[in-house]
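Down below is the structure, laid out as structure tokens.
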Amino acid sequence: MHSRRDFIKKAGIGAALAAAGGFPYESFAGERLRKLTILHTNDVHSRLEAFPDDGGKLAGLGGVAARASLIKKIRSEEEHVLLLDAGDMWQGTPYFNLYKGEPETKAMSAMGYDACTMGNHDFDAGIEGFARQGVHRDFSVVISNYDFNDTPLEGKTHRYKIVKKGGLRIGIFGLGVELDGLVSEIAYGNTKYLDPLPVARDISERLKKKENCDLVICLSHLGYDYTTNKVSDKIIAKETEYVDLIIGGHTHTFLDRPEVVANKKGEKIIINQVGWGGVKLGRIDFEFSHKKSSKFFNAQSVIAAKQTIG
Amino acid sequence: MKLRLTYILLLLLCSLSACHRGYYMQKQSSNIYAIDKAVNADSSMADMITPYKQNMQQAMEQVIGTNDTMLTKGQPESSLGNFLADAQLDAAKKADAGVIASVANYGGIRLPYITAGPITIGKMYELMPFDNTIVILDVPGNVMLEFCNHIANLGGWPVSGIRFAIKDKQAIDIEIGNAPLDTGKTYKIAVNDYMAGGGDKCSFLKTLKPKPVNVFVRDALIAYVRQQQTLRASLAKRIYYAQ
């Protein structure tokens with residue numbers, strides 16, 4: 169899908185002037201809506217197959233074959249789809265122990281994931297192990313608060329990523345959990361963990377103001393909320409000004425619907441997380457236009473269209 | 463018409479300078495889909511997974527050692543529990559030779575028994591399906607006493623390098639590494655990360671800083687079976703009821 173801007177760039181000024189007569193008026197009137205559909209997973213934990221039918225709570229749920237077909241169906245219905253994962257793609261089934269992330273990575277590439285961030289378990293094959301699967305990875309690894317200098321991942325991840333879809337500029341950055349005490353030093357090696365909050369403030373402001381992003385998404389593996397003051401998605405939401413959406417993970421939280429919270433400016437932003445094991449797929453649709461809206465939506469417009477298992 | 467020309471000029475300017483005219487969010491909605499059996503499987507994805515699945519099944523059938531008699535799960539002490547605690551201690555000692563004992567939570571044993579005969583990798587996955595890792599804790603003597611009392615209160619857990627009697631749901635005659643418990647000393651103890659995080663009501667361990675050992679409990683079991691080749695069930699009065 170080429171945007172009009174791309175078209176004009178390619179066609180040159182003369183062609184643009186000739187085509188100008190045919191421009192639909194509403195594209196300038198600021199009323200035509202542009203829709204973006206965001207699909208997301210987190211903490212899939214190498215669940216390539218559905219959970220076994222053992223009478224357990226998650227029996228029969230999940231699996232990449234079913235997820236792939238649901239995503240295909242949504243792509244056939246929506247023009248602009250962004251598919252994201254908030255980390256801990258790996259570890260949890262013998263598939264990971266045997267193949268060290270290869271089938272998981274291939275499956276995500278086949279489903280057309282745009283980006284992921286890194287969870288603590290994505291270090292379970294060591295940094296080198298994560299880097300090694302790069303040959304199968306057709307999506308970006310976005311992680312802003314791990315410094316991978318002097319590691320096998322140096323230069324192979326993005327501090328942030330700007331995706332252009334349907335004329336929209338979407339900024340994506342990623343936050344990872346503190347590794348010390350959670351991941352063995354042998355596994356994370358020279359990785360330096362940076363305090364997520366200042367990183368989130370800095371990058372989100374840059375994406376919104378300097379990079380002119382229409383939407384700023386934080387892929388987070390910090391965890392939804394804690395009883396202590398440990399940094400979480402709730403804290404990132406409350407203490408930043410330019411994040412619009414947090415796709416979370418790590419705490420395996422099954423939210424019934426996305427959580428709407430006030431940011432530092434008192435504006436409402438969204439946090440969502442879909443449990444673990446790939447048993448659910450989250451979806452958030454945004455509609456944009458050029459019309460300025462002081463507040464982009466209100467809490468009442470957040471609809472969980474289909475309530476499913478908790 | 464004049465307005466329209468202004469727009470076109472603006473657009474041209476934009477396209478030349480690659481500037482971006484901002485969009486503002488107007489509407490938002492959401493949906494959380496359950497990925498259940500109502501969703502048909504995508505056949506090309508299923509085909510991609512099949513060879514991995516077949517190889518995995520073969521790997522699970524791989525024999526790593528044998529078991530001379532049946533190992534069973536039980537309290538206050540059990541042969542299956544001893545195997546687990548011994549394997550955990552062995553793996554922790556390889557990371558830190560100063561580790562003196564190990565403790566596993568009783569609920570973490572996920573099989574009631576392992577029959578005599580060949581032991582497969584798949585059997586170790588059944589015994590320990592969780593991806594818990596081994597961690598080392600520096601446990602002060604007074605916390606060690608609390609730990610032993612906790613184990614006694616719950617009827618006995620798998621231990622290695624620890625011995626005590628249970629009397630009135632309390633631990634007595636405690637020995638750590640063949641010496642009586644000294645509450646003034648600090649002991650290096652191997653546990654799983656679940657317990658270190660306060661799991662199975664081990665909240666007293668939460669304040670201790672865990673030193674991660676980059677080994678799953680399951681992998682420690684597999685390594686231990688490979689190393690021993692033949693497992694022999696043993697009961698050694700590690701935890702027993704005082705007469």
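Chains as they are written, first to last, in this note's numbering: chain P, 169 to 478; chain D, 463 to 705.
Yeah, the Cβ is synthetic: ideal placement off N, Cα and C, and Gly gets one too.
On a predicted model such as this, the values are computed, not experimentally measured, just so you know.
Which of helix, strand or coil does DSSP assign to residue i?
i	result
residue 527(D)	strand
residue 380(P)	coil
residue 363(P)	coil
residue 503(D)	coil
residue 173(P)	Its pLDDT being 46, under 50, residue 173(P) is placed unreliably by the model, and the measurement read from it follows with that caveat. Three-state DSSP puts residue 173(P) in a helix.
residue 610(D)	helix
residue 316(P)	coil
residue 642(D)	strand
residue 575(D)	strand
residue 346(P)	coil
residue 332(P)	strand
residue 325(P)	coil
residue 300(P)	helix
residue 466(P)	Low per-residue confidence applies at residue 466(P): pLDDT is 42, beneath 50, and the placement is therefore not dependable enough to give any value.
residue 255(P)	coil
residue 675(D)	strand
residue 540(D)	coil
residue 428(P)	strand
residue 373(P)	helix
residue 290(P)	helix
residue 396(P)	coil
residue 680(D)	helix
residue 511(D)	helix
residue 194(P)	Residue placement at residue 194(P) is flagged as unreliable, the pLDDT there being 42, under the threshold of 50; the coordinate-derived value follows with that caveat. Here residue 194(P) sits in helix by DSSP.
residue 545(D)	helix
residue 690(D)	helix
residue 214(P)	coil
Going straight from the alpha carbon of residue i to that of residue j, what length do you get?
i	j	result
residue 538(D)	residue 630(D)	14 Å
residue 402(P)	residue 439(P)	8 Å
residue 260(P)	residue 705(D)	44 Å
residue 665(D)	residue 659(D)	7 Å
residue 284(P)	residue 306(P)	11 Å
residue 291(P)	residue 367(P)	21 Å
residue 479(P)	residue 698(D)	Because chain P here runs from 169 to 478, residue 479(P) falls outside it and cannot be looked at.
residue 559(D)	residue 492(D)	54 Å
residue 639(D)	residue 341(P)	50 Å
residue 321(P)	residue 310(P)	12 Å
residue 420(P)	residue 432(P)	26 Å
residue 206(P)	residue 601(D)	47 Å
residue 758(D)	residue 230(P)	For chain D, the structure presents residues 463 to 705; residue 758(D) sits outside this window and is missing.
residue 633(D)	residue 642(D)	12 Å
Could you tell me which residues DSSP pairs with residue i in its beta bridges?
i	result
residue 487(D)	456(P)
residue 588(D)	None, per the DSSP bridge assignment.
residue 202(P)	456(P)
residue 517(D)	Answer by DSSP bridge pairing: none, since residue 517(D) is not bridged.
residue 438(D)	The structure shown has nothing for residue 438(D), since chain D only spans 463 to 705.
residue 358(P)	DSSP lists no partner for residue 358(P).
residue 208(P)	252(P), 450(P)
May I ask which residues mark the beginning and end of the beta strand (DSSP E) holding residue i?
i	result
residue 582(D)	579-582
residue 240(P)	Unbroken run through residue 240(P) is the alpha helix (DSSP H), 232-245; no beta strand (DSSP E).
residue 498(D)	That residue, residue 498(D), is in no beta strand (DSSP E); it is neither H nor E in DSSP.
residue 602(D)	595-602
residue 311(P)	Run containing residue 311(P): none; DSSP gives neither H nor E here.
residue 626(D)	624-629
residue 649(D)	648-654
residue 413(P)	413-415
residue 565(D)	563-565
If you measure from the beta carbon of residue i to each beta carbon in chain B, is any gap under 7 Å?
i	result
residue 613(D)	Looking at the structure shown, chain B is missing, and the protein chains on hand are P and D.
Terminal residues of the continuous alpha helix (DSSP H) containing residue i?
i	result
residue 277(P)	270-279
residue 405(P)	401-407
residue 265(P)	262-267
Using 8 Å as the threshold, is the segment 543-559 of chain D in touch with the segment 599-610 of chain D, meaning 3 or more CB pairs across them?
Contact fails: fewer than three Cβ-Cβ distances are below 8 Å.
Contact between the segment 509-524 of chain D and the segment 675-694 of chain D is defined here as three or more beta-carbon pairs at a separation below 8 Å; is this criterion met?
The segment 509-524 of chain D vs the segment 675-694 of chain D: no contact.
Does the count of Cβ pairs from the segment 323-337 of chain P and the segment 353-361 of chain P closer than 8 Å reach three?
These segments do not touch.
Pair every Cβ in the segment 414-422 of chain P with every Cβ in the segment 224-239 of chain P, then say whether three or more of these pairs are closer than 8 Å.
The segment 414-422 of chain P vs the segment 224-239 of chain P: no contact.
Inspect the CB distances between the segment 244-254 of chain P and the segment 508-517 of chain D and report whether three or more fall short of 8 Å.
Not touching, per the Cβ criterion.
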